[in-house]
Amino acid sequence: MTTRIKTTTLSNGLRIVTDTIDTVETVALGVWVKVGSRHETYETNGISHMLEHMVFRGTERHTSKEIAEKIEAVGGHLNAYTSREHTCYYARTLKEDVPLAVDLLSDMLQFSVFKKDELEREKIVVLQEISQTHDTPDDIVFDFFQETAFPTHPLGYPVIGRQQVIKSFTQQNIRDYIENKYSTSNMIIAAAGKIEHEKFVELVSQKFINLKNNPVSSFKQAEYKGGDLRVQRNLEQAHLIMGFPSVKINHEDYYATSILATILGGGMSSRLFQEVREKRGLVYEIQAFINGFSDHGIFGIYASANPQQAKDLLPVVCEELLTFSSTITEKELKRAKSQLKASIMMTLESTPSRCDQLVQQIMIYGQSLKTSEILTFIDNVDLEKAQKVASSIFNRPLTFTALGPTKDLESYENLSRRLHA
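Position in the sequence shown (from 1) plus 185 gives the number in this note's numbering.
The following block contains the structure:
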């Protein structure tokens, strides 16, 4: 597969990056803005996500229906998502329809009208989305977990927002937010697929002419607190998360930490899956994860089980964590490395994944990385390194979150004592 990555920065500060893949006939493209829920205040929580919705609700040239009809008339699609640290507006089309996708994205991000009636309608949609999330235990428990880990910091805010705050948003709030936050200095426009870099740069520079290079205020540094939150609900299963502060996403130990999460709870051969589910039958689902942010990270374990089994599994998990660093084997290390490297290689077969990965690298490292460089980062983690990093994770302050039948679960103090025995 032939690949060629190029980057151009326009005079207004807007960065354009392409990953040319000659063996495909489609293009994935998008606009990434380094603005998410961590850039909000308590009074504006959810506005990044609301803005993401509103740019689809009509511009000076297009109604929301016309936007959908135009992209779907050529078999393409447009969508968007908001995270804690960025917002992305993306499209996928045949190579000949890239100009249309760029035209629509540029129109939406520069000339949306934010009509009052459309805002009120979209509030209802977002409020329904919030209700749906609250009705989905294995979704909302992660929001509860994040809030418990960062109770006084915007990293703890729900990306989707809070109902009362959403209801309060005005047209001016939305206009002020896009005016103040959507600056060329914190935006990247990217494409991956059958694309010519120079032509794409010319197209983008012609269409994205109204963006300003305004100073963007820096975000508040993460403040991890940890703690205990138990939400009693009449559910069939208890949903549990144990977590610990970890490294930021560009830290030298990030890949070692990812390997540890894979050994512990990444797949059916992982330690926790084998010990807790296969051997003891205590859960249906258990996994370990790492969430890396630009200045902090979280290492966590999620499980769901019926009330009695939930009570029984916590001591088992604590014991596994307590002995983890001293019992990692070369075989486990090799398998986890292979899992991570295979996952990275598989993303190269998807143009949307390649496009997103490319932008993430630039946001994290300030430049695109060769696949071989990332694989080398993984290969360079030896057993001594893995054991050293593992020994430092689980003696940090615990965050524990439980949703469902929680009355019989061990206390936070007992769990902490088990982890520091």
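Just so you know, even glycine gets a beta-carbon here, dropped at the ideal spot from N, CA and C. All values derive from a computational prediction rather than experimental measurement.
So, for Asn476: in the same chain, excluding its five sequence neighbours on each side, which residues have a beta-carbon less than 6 Å away from its beta-carbon?
Within the same chain, Asn476 has close Cβ partners Ile483.
Looking at Gln572 and Ser528, is the spacing between their C-beta atoms short of 8 Å?
Not in contact: Ser528 and Gln572 (Cβ atoms no closer than 8 Å).
By DSSP, does Arg200 sit in helix, in strand, or in coil?
Annotated three-state conformation of Arg200 is strand, per DSSP.
Phe335 and Lys410 - do their beta-carbons sit closer together than 8 Å?
yes
Taking one C-beta from the region 219-229 and one from the region 244-255 each time, how about it: are there three or more such pairs within less than 8 Å?
Fewer than three beta-carbon pairs drawn from the region 219-229 and the region 244-255 are found closer than 8 Å, and the two stretches are therefore not classed as touching.
What distance in whole Å lies between the Cβ atoms of Ala473 and Leu498, which are believed to be in contact at a cut-off of 8 Å?
Not really, about 14 Å apart at Cβ, beyond 8 Å.
Going by DSSP in three states, His424 sits in which element: helix, strand or coil?
Here His424 carries a strand assignment [DSSP, helix/strand/coil].
Which same chain residues, not among the five before or five after Gly428, have their C-beta less than 7 Å away from its C-beta?
Phe330, Ala334, Ile483, Phe484, Gly485, Thr584
Could you give the uninterrupted runs of the alpha helix (DSSP H) lying entirely in the region 515-600, keeping only those of 4 residues or more?
515-532, 536-550, 556-564, 568-578
Three-state secondary structure (DSSP) at Phe385?
helix
Contact check, Ser535 vs Ile190 under 8 Å by CB: the rounded distance?
Going by Cβ atoms, the distance from Ser535 to Ile190 rounds to 16 Å, so no, they are not a contact pair.
What residue ranges within the region 256-284 form continuous beta strand (DSSP E) runs of no fewer than 3 residues, ordered along the chain?
262-267, 272-279
Compute the distance between the beta-carbons of Val326 and His436, then report whether it is under 8 Å.
Not a contact, by the Cβ cut-off of 8 Å.
For Val212, does the three-state DSSP call read helix, strand or coil?
Here DSSP, grouped into helix, strand and coil, assigns Val212 to strand.
Who are Phe624's beta bridge partners in DSSP?
The first residue shown for the chain is 186 and the last is 606, placing residue 624 beyond what the model contains.
Per DSSP, which one or two residues make a beta bridge with Met372?
The partner list for Met372 (beta bridge, DSSP) reads Val218.
So, under 8 Å CB-CB, Tyr274 and Leu294 are touching, yes? Tell me the CB distance rounded to an integer number of Å.
Rounded, the Cβ-Cβ distance is 7 Å, consistent with contact.
Would you kindly check if the distance between the Cβ of Ile471 and the Cβ of Phe458 is under 8 Å?
yes
Can you find at least 3 beta carbon pairs, one from the region 368-388 and one from the region 202-222, that sit closer than 8 Å?
yes
Give every residue of the same chain whose Cβ lies closer than 7 Å to the Cβ of Gln542, excluding the five residues on either side of it in the sequence, and list them in chain order.
Thr532
Between Ala286, Asp320, Ala407, which has its C-alpha nearest Leu340's C-alpha?
Ranked by Cα distance from Leu340, the first of Ala286, Asp320, Ala407 is Ala407.
On the three-state DSSP scale, how would you describe Glu364?
helix
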